[in-house]
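Here's the structure we're looking at; comments come further down.
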Amino acid sequence: MILSIIIVNWNGKELTEDCINSILNTNQEKIKRGEFEIIVIDNGSTDGSIEMLEKLNGSPRLVRNKENIGYAPACNQGIKGASGKYTLLLGNDTVILDGALEKCISFLDETPDCGAVGCKLLNPDGTAQNNCKKFPAFINGFYTYLSLDKLNRDYDMSWFNYDKRMEVEQISTTFLMVRTGLLKDIGGFNEHYRILYNDVDLCKRIWNSGGKIFFLHTAEVIHYGNRSTKKARYRERKIMYSDIYRYFKNNFGSKAMMLIPVLVFRFFIVLSLKR
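See the structure below:
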C-alpha cells in the first residue's frame with residue numbers, strides 16, 4: 001500500500017462524491033493499480049452522504065460517527081487506520097487533477113528529509129490560492145486579534161511565488177501528504193484545536209520532529225472551499241479566538257498572557273456586533 005487518503009465529510013454529499021470520483025478517475029499509474037486506499041470519516045451527516053458512499057464504485061473505507069466530533073478528531077480516526085506508506089490529508093471540497101498524487105509520491109520517495117509535501121490549490125477559475133505561510137511570530141497574535149491583516153503580510157507570505165517549488169514552514173491541510181510513520185509518531189492532530197490552527201500546530205510538530213515541508217508547484221488541485229472566517233457566528237468566533245490563544249500559549253509560554261487584553265477586547269467587539 002503506497003497511499004492512504006483521508007477525507008472528513010459532514011453533509012457534503014456532492015462535494016465528497018466529486019472528490020472521490022476525481023481520485024478514482026485520475027490518470028495515474030499507481031492509483032490505477034489500486035495501491036491506495038480511501039478512508040472517509042463521516043461526522044453524522046444527514047444529507048444522504050452515507051447512502052452515496054455505500055453505493056459508490058470502489059467503495060471507500062467508511063468510519064461513521066453518530067455526531068459531528070470535529071475535523072481534528074475525525075482525521076485522527078483515519079490516521080490510526082491508515083496503512084499506506086504515505087497519508088494524504090485531503091479536503092472533501094477538492095478535485096484531484098491528473099498527476100498530482102504521483103508527483104507528490106515521487107517527491108517524497110526522492111527527498112528523504114521531506115516529512116510532508118503540499119501542492120498548488122487552484123480556485124475554480126484557475127487562479128492560485130494562498131496556502132503557504134510562515135509560523136506566526138508573537139506579534140502576529142496581536143495583528144490577528146485586531147484584524148490588522150496588512151501587517152500580517154510577511155506571516156501570510158503574500159510575496160510567495162506559487163510557480164516555484166520551495167521549502168516552507170506551514171501549508172494548508174486541504175492537501176498535505178505526510179509520511180505515515182511520522183504522522184503516527186507525532187500523534188496526528190492536536191484535538192484541542194477545534195477550528196483554527198490545528199494545521200499550524202501539526203506542521204510545527206512535523207518540523208520539530210526533523211521533517212521538512214515542501215510546496216510542490218507542479219502538483220495541482222482545484223479547491224472549492226476557502227470559506228471566510230469573517231462570516232463565522234459568535235459561538236464559532238469564541239472557539240477560533242481560543243484556538244489562536246492556545247497556539248501562542250503552547251509556543252510562547254507565559255508571554256502569551258500579554259495577548260489576553262486584546263483577546264478580551266475582541267470578544268467584547270464581537271459580542272457588541274451580535275447584539
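Quick note: the sequence shown uses our numbering, first residue 1, plus one each step.
Beta carbons are placed, not taken as given, at the ideal position from N, Cα and C, and that holds for glycine.
Option in Ile-50, Thr-144, Gly-70 with minimal Cα separation from Phe-248: Thr-144
Kindly list the residues whose CB is nearer than 7 Å to the CB of Leu-196, restricted to its own chain and excluding five residues on each side of it in sequence; keep chain order. Met-240, Asp-243, Ile-244
Among Gly-70, Gly-210, Asn-65, Ile-50, the one whose alpha carbon lies nearest that of His-192: Gly-70
Where does the unbroken alpha helix (DSSP H) through Asn-76 begin, and where does it stop? 71-81
Answer yes or no: do Ile-222 and Pro-112 have a C-beta to C-beta separation smaller than 8 Å? no
In three-state terms, what does DSSP make of Tyr-162? coil
Reducing DSSP to helix, strand and coil, say where Phe-215 ends up. strand
Report the residue from Ile-38, Asn-57, Thr-46 whose alpha carbon sits nearest the alpha carbon of Ser-334. Outside the displayed range of the chain (1 to 275) lies residue 334, so it cannot be described from this structure.
State the beta-bridge partners of Met-281 as determined by DSSP. A query on residue 281 cannot be resolved here, the shown segment of the chain reaching from 1 to 275 and no further.
When you compare only the Cα positions, how much space is there between Asp-18 and Tyr-162? 25 Å
Extent of the continuous beta strand (DSSP E) run through Asp-42: 36-43
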